[in-house]
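Right, one structure below, let's go through it.
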Amino acid sequence: MSVLIVIPARYASTRYPGKPLVPLTGATGVAQSLIERSWRAAMAVSGIDRVVVATDDVRIKDAAQAFGAEVVMTSESCANGTERCAEAHASLGGGYDIVVNLQGDAPLTPAWFVESLVAGLRAAPKAEIATPVLRCDGATLTGLLDDRKAGRVGGTTAVFGAAHQALYFSKEVIPYTNAAYGRDDDTPVFHHVGVYAYRPEALGAYTSWTTGPLEQLEGLEQLRFLENGRQVLCVEVDARGRQFWELNNPEDVPKLETMMAQMGLE
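Residue numbers (numbering that gives the first Met the number 0): 0 to 265.
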């Protein structure tokens, strides 16, 4: 099955304008932009046929082409990364069996997260979309809760059923738990990793649906699939000792740089 990775990137982010071009300094002191680090993460995934950056901004296009990425220009009307992936796939002529949306704000995404995601979708013929979830340890859960107390969105959480079918995604920390957890303890909360694998039919249908109330309230594009009765598979992934965080706010830059230094990532 042929697999295309699309990295959607827009300059005009409401929370963090220009985010794709923000420099992140790694363990060796070398700074690379967020979009370059995300592209390098995509290129490290095995079993992938093609990787493209999808953007509507010439500044991102120029920066991406300068470090060797293939770029697909998309329209400014794309409301989110899924719509941008759908447009990019169509402009490339379609034909891929699986389209992966590796969002450009998650440069610490390990290759095996995407590999597990693609394998999970291949093994679940009834699922139309798949997305990874990572069980939070006590330290990660504390970070999510602290962000919410400070009025920041620090990440998205997911709840799913016995067959790992998604029930809901939220920027709030769900499910609720009042238990105390040590830094390394497993918790019942799952951090949603911002990566998606779509079957082309579901991806194509997505753009024909109107934005539903839940997607509007949460600002989470994957809720459109749930609101339209499509089955979303949550694939639990193993961190293997790697730290993971997304760049959502300016305050996340030093957090990501500290993580890269601790993990020895260039």
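Built from N, CA and C at the ideal position, the CB exists for glycine as well. Given the structure is predicted, the values throughout are model-derived calculations rather than measurements.
- Spatial neighbours of A30 in its own chain (CB-CB distance under 7 Å, excluding positions within 5 residues in sequence) are listed in chain order as P22, L23 and T24.
- Note on the segment 129-170: whole alpha helix (DSSP H) runs with a minimum of 4 residues are 137-148, in chain order.
- CA-CA distance, I97 to E82, rounds to 15 Å.
- Taking T186 as reference, the option from Y15, H163 and A157 with the minimal CA-CA separation is A157.
- Cα atoms of G160 and I128: separation of roughly 15 Å, rounded to the nearest angstrom.
- L101 places its beta carbon less than 8 Å from that of S37.
- L116 places its beta carbon less than 8 Å from that of P131.
- Judged by DSSP in its simplified three-state form, E256 adopts helix.
- The residue among D183, A179, S45 and Q221 with its C-alpha nearest the C-alpha of Y197 is Q221.
- Rounded to the nearest whole angstrom, the C-alpha separation of A62 and G228 is 39 Å.
- Here M259 is buried. Its C-beta has 16 or more other C-beta atoms within 10 Å.
- Where L120 is concerned, there is no enclosing beta strand (DSSP E), although the alpha helix (DSSP H) around it starts and stops at A110 to R121.
- For C84, the CB contacts under 7 Å within the same chain, skipping 5 residues up- and downstream, are V5, P7, A53, V98, N100 and L202 in chain order.
- Looking at the DSSP output, H190 sits in a beta bridge with L133 and T156.
- With respect to the 8 Å criterion, L91 and V71 are classified as neighbours on the basis of their beta carbons.
- Closest in alpha carbon position to L255, among T176, W208, A87 and D104, is D104.
- Judged by beta-carbon spacing, G119 lies within the 8 Å limit of L232, meaning their Cβ atoms are closer than that value.
- In this structure, V2 sits away from I59, with a CB-CB distance that is not shorter than 8 Å.
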